Each structure stands twice: as C-alpha cells, then as structure tokens.
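Residue numbers (this note's numbering): 473 to 1057.
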C-alpha cells in the first residue's frame, strides 16, 4: 500500500514537472499526432471529407475524384528524404515531423482554393513550424524540366521562395500578413544562401486575433503560366491561444448530439454519412404531457410531438413556445411552456444528467440591429423537473447579459447558466445544453422528498421573453467575482435575449436527452475515454479559478468541487488516465 501511494505521488510529481515546462499552457496545439497512419503513408482527402481537425484547428482539403488530384492540406508520416519530383510531394525534407514527431501537414496550392486553417474560435496564433517538401527542395536545389536551379549556374542569381500567411478575422477581413522565406539566395555572400531543410518557427502573433489563416506561395522563378517552383510546403505544431471559448464564467461546451466513431468520437454534422447518435445518451422524451404556446404563434410550429425522440440537428424540426409582446407581459399572460414525460427516469449520477436541444445558432456577422459575430442568436427558457408531474423544481439560473439586445440581437453564451437554449443546434452543428440534478439537491421540495432526483419523470421548459421583465435566480449561485472567499450573487438579474421574435417565436425545442452516468470525470470532452485531448484541456485550465479567463468547469475534477483547478484535480486525472466509459465498447 505504501509503494502504491509512493507511485501515485511520483506520477503526480512527474506530471506537474511536465506542466511546469510546457510553455504553451492555455493553448490549443495542432500537432497532427491525433491521426493514426500506417507507416510511410499519407492522407490526401480521397475520402471526400474535405479536411481534418487537429488541436481545434481545421485544415481544409479539396479532392477531385475525376482527376485523382488534391489541393489544400494533406498529412503524412513519410520519412524518406531522397524521393524527388512528384514522388516526393508528401515527403518533408526534414525527415520527420517537428521535434521528431511522426505526423506533419503537407500543403499544395492548386486551382480550387489556397490552403486554409480555421480555428475553433477566434484567437491569437503564437506560431507554427514550417519547412520544405522534398519536391520543392530538390527542384530548387538542382532544377528540373519546369523549374530553374536556384542561384543559377553561377550561384549568384538572387532567387527566393516565400510563404505568405494571411490572418483573417471572423468577418473574413484581413488582420495582417507574415512573410517567411523557404529559400533565399539574395545574400551578398553566397555562403549565406539557403534552401530550408529543417523545421523553423514562424511567429504569427503580429496577425492579432484571427479566425483563419490563409497560405500562399511566391517565387522569383516565374514563367508564362505563373510560378515555376513546385507550390508545396509543410507545417506542423500550430499553437493558438483561444480568446473566446473560455473567457466567460459559464462557457462550458455543449454535449454533442451526433459523433463520428471514425474521428475519435468527436462532433459530427448530423448529415455526415458517418454520423451516429451520440451513444452517451440512454433515452429521450417519450410523451408530451402538456403544451401551451404564447398567443400568435404560427400553426406550423405547434406540433409538440417534434420534441419527442432523439435530436436531429434539423433547426426546423422543432416545436415553438411563442413569444410575448410587451402588452401581453403587462397583462400578466403566462409564457409558453411544454412538459415532457420520460419512460426511462432521469437520475442524479456523476456528471451531467440530461441535455436540452434548442435550435439557436452562432452568428457569423456584425449587424447594426444587434448581431455580433461569434455570439449566439438565442431564445432562452427556464428548465424545471418533477417526479410526480405536479411538484416541479426550477434550475437556479444566471443571466449576465447587461442590456436588451433587440429583435435580432445576440448574446454571449458564457454569460448564461442553467437556462435552455445557449448551445448551437443548427446548420451542421448539433449540441445541447447539459443539466446536473446535483444543482437542485438543496431545494426544499427535494429535501422534503416531493421531488426525487433519482426518479425524475417530467421535464418542463418555460419560454423567457427576452425583454428583461423576467429574472434569473442568481442569488442561489456562487458569484465568479468573489474569489477566493466565494459568496453568492447579491442580486438577481433581468434576462435578455432576442426579443420580440415572430413566426417560430420564443424557445424552439428540438429534443431532451437522458445521459448515461459518467464514471470517469476526467473524460473532460465527453468522448468516452480519458486521453490526450482531455489532458490538453486540463493543462490549459491549470491554476485557474471560476471566473478566471482560463476556467473550464469540467476540469474541476476533485470532490468536493472547490472552483479551482489545481494539484488535486491533476491527481484525479492521473488515476483515471486511459479509462474508457462502457458505452464506448
């Protein structure tokens, strides 16, 4: 037993040392080690997927099945540094990935679109590593049928081969450019001329906050049809500092409705042929007990049975609760609501217990009517639960949106807690808002036994007209700005969202799913296994506290929760490393 404790202590010390020397903590790191490739092989997009994602960054790819050709990004682990011409197009001249790693990305600038990397959220990109491919390297070194030998026969021609990286914000506007020479023969002393054959760091912080990176190449060797130098380069280890994902106190990610088992059980577009319902769900609402919409709702949105069964990710497969006008609010009319029944009861277990899917979406534009790119167009709702269908307990919510946002106004989802409708579920994204029955265990109805958190049969969703006439229950929650003493909010807050809405007005309910119990809290990203993606999340949040800029709720692993990510949470993670939830099998 003593040796076991010593080993656990040693493992913890080792991990802390690793964390201490990781200079990129609080960052998303695209290493491309996420992918399993057969030895000495490559992926070029022939599966038609359109790209790949590593460390939260998406690398675009275009594949033409008619010509068996590609452009954009591929990835490879080929180590042969002698292959030339097209035989070396997937080979990096350095012989391995950055730092001796296996995988790296190869980019080709063809005819469809330039290589583009898109971040999961706007952020500062610290930089990446870049070098040449065999194809470009040997073409410049020796020349070939299409390209000249750099430096010419004398070695003094001022040739160059340059990679230009352009940053673009969420609106597609250019934030800046960085130029990086993959070869440079312009030096006065020919001994200084070079064709890059090792990985070199490219600093991209000058681009500022970006949503995407666009890559282009240029060369001194041009002809009638453009650049003669082969339009290839390689990159690896892209490091991005996220600015938006966890910079609000309640910015926890939603639960995926669909996943792709062939892509590490990550989120999938419901229309993807490889997408399946997330097996983390064990049940869905089975019956509509009652439904009452606000006056004036279009009839096409009143089919309450659309809220039954699994989520679809179809933003039109919904039942609307309707919205109240200011006059109706003044008259005391009740907001729209729906009550659902579950054959399989919802029970308080480890982690989240059920998930509500609404059809909000992320705005991609800044409009004068209140829309802010990157925020959500939301129609929020209270969530209540019951065991007997008569006695309901409402989840204590928080809404920190400071003022009315207008008809098409957006809100920051990280300012919302314990309200339905804060996670996007439309246009290829299918996520829902999770709820934990632990949050209501001190409610008088639960304490008295009127509501049994181990036998929840009813979930009621009540629309919230976003005029500010309805309040949250913040005073029942810890305020993030009271660290380290931790105290409750001193006041409740008015709730604002897009108002007044018409047509399918008010909250649009798509589904309510029941979750399997989470046996391993260190599975932070909820893909069923405690792995390197969870490790990256944990180190990004280490030493943060609730309300701080790097805070991630799911990283607070140790019981009882203390709202701080520290050594105790690391210890839990070590104990659960590589553990797998039963539903993954």
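Quick reminder that beta carbons are idealized off the backbone N, C-alpha and C, glycines included.
These numbers come from a predicted model, not from an experiment.
Residue i to residue j span [Cα, whole Å]
i, j, result
"residue 703", "residue 618", "12 Å"
"residue 800", "residue 816", "37 Å"
"residue 507", "residue 798", "54 Å"
"residue 743", "residue 538", "24 Å"
"residue 757", "residue 894", "20 Å"
"residue 906", "residue 569", "39 Å"
"residue 1065", "residue 529", "The structure shown does not extend to residue 1065, since the chain is modelled only from 473 through 1057, so no value can be given for it."
"residue 860", "residue 518", "54 Å"
"residue 986", "residue 755", "5 Å"
"residue 693", "residue 505", "35 Å"
"residue 689", "residue 653", "10 Å"
"residue 627", "residue 670", "21 Å"
"residue 691", "residue 620", "11 Å"
"residue 1016", "residue 963", "25 Å"
"residue 525", "residue 598", "18 Å"
"residue 634", "residue 511", "31 Å"
"residue 765", "residue 914", "31 Å"
"residue 983", "residue 675", "45 Å"
"residue 882", "residue 855", "21 Å"
"residue 997", "residue 723", "13 Å"
"residue 973", "residue 705", "50 Å"
"residue 616", "residue 658", "21 Å"
"residue 769", "residue 901", "26 Å"
Opening and closing residue of the beta strand (DSSP E) in which residue i lies
i, result
"residue 1007", "Unbroken run through residue 1007 is the alpha helix (DSSP H), 1004–1013; no beta strand (DSSP E)."
"residue 798", "First-last for residue 798: 798–802, but that is the alpha helix (DSSP H), not the beta strand (DSSP E)."
"residue 614", "No beta strand (DSSP E) holds residue 614; the alpha helix (DSSP H) holding it covers 606–614."
"residue 661", "It is not in any beta strand (DSSP E) - residue 661 carries neither H nor E in the DSSP assignment."
"residue 547", "541–548"
"residue 584", "Neither: residue 584 is in no beta strand (DSSP E) and is coded neither H nor E."
"residue 984", "980–987"
"residue 530", "529–536"
"residue 754", "753–756"
"residue 655", "646–656"
"residue 759", "759–764"
"residue 732", "730–732"
"residue 633", "632–640"
"residue 624", "Where residue 624 is concerned, there is no enclosing beta strand (DSSP E), given that its DSSP letter is neither H nor E."
"residue 895", "Run containing residue 895: none; DSSP gives neither H nor E here."
"residue 507", "Here residue 507 belongs to no beta strand (DSSP E), and DSSP marks it neither H nor E."
"residue 672", "672–675"
"residue 523", "523–526"
Residue burial classification, residue i (beta-carbon count within 10 angstroms, cutoff 16)
i, result
"residue 884", "buried"
"residue 847", "buried"
"residue 614", "exposed"
"residue 1044", "buried"
"residue 585", "exposed"
"residue 1089", "This structure cannot settle anything about residue 1089, because the visible part of the chain is limited to 473 through 1057."
"residue 533", "buried"
"residue 1050", "exposed"
"residue 993", "buried"
"residue 932", "buried"
"residue 926", "exposed"
"residue 716", "Bear in mind that the predicted position of residue 716 carries a pLDDT of just 38, short of 50, making it unreliable; the figure below should be weighed with that in mind. By the 10 Å Cβ count, residue 716 comes out buried."
"residue 587", "buried"
"residue 554", "exposed"
"residue 515", "buried"
First through last residue of the alpha helix (DSSP H) which encompasses residue i
i, result
"residue 577", "Taken as a continuous stretch (DSSP letters only), residue 577 belongs to no alpha helix (DSSP H), being part of the beta strand (DSSP E) at 576–580."
"residue 769", "Unbroken run through residue 769: none, as it is neither H nor E."
"residue 1036", "Where residue 1036 is concerned, there is no enclosing alpha helix (DSSP H), given that its DSSP letter is neither H nor E."
Which complete beta strand (DSSP E) runs does the stretch 904–944 hold, if anything under 3 residues is left out?
928–935 and 939–943
Counting beta carbon pairs with one atom in the stretch 903–917 and one in the stretch 821–831, are three or more of them shorter than 8 Å?
yes
Does the stretch 732–739 come into contact with the stretch 606–618, if we say contact requires no fewer than three beta-carbon pairs (one atom in each stretch) closer than 8 Å?
no
If we count Cβ pairs, one from each stretch, closer than 8 Å, do we get three or more for the stretch 642–657 versus the stretch 541–558?
no
Quick check for students: name the residue ranges of the beta strand (DSSP E) that lie wholly in the stretch 805–886, counting only runs of 3 or more.
809–818, 826–830, 853–858 and 864–866
Inspect the CB distances between the stretch 579–593 and the stretch 659–679 and report whether three or more fall short of 8 Å.
no
With a threshold of 8 Å, are at least 3 pairs of Cβ atoms found where one atom belongs to the stretch 800–812 and the other to the stretch 918–926?
no
Tell me the start and end of each unbroken beta strand (DSSP E) in the stretch 943–981 that is at least 3 residues and wholly inside, in chain order.
966–968
Cβ contact check for the stretch 867–875 and the stretch 787–794: 3 or more pairs under 8 Å
no
Would you check if the stretch 1026–1033 and the stretch 843–858 touch, i.e. whether three or more CB-CB distances between them fall below 8 Å?
no
What runs of the alpha helix (DSSP H), each 4 residues or longer, lie entirely inside the stretch 692–728?
none
Are the stretch 830–844 and the stretch 1000–1011 touching by the rule of at least three beta carbon pairs closer than 8 Å?
no
Should the stretch 988–1002 be called in touch with the stretch 766–781, which here means at least 3 C-beta pairs below 8 Å?
no
Kindly confirm or deny that the stretch 964–974 and the stretch 928–941 touch, where touching means at least three C-beta pairs closer than 8 Å.
yes
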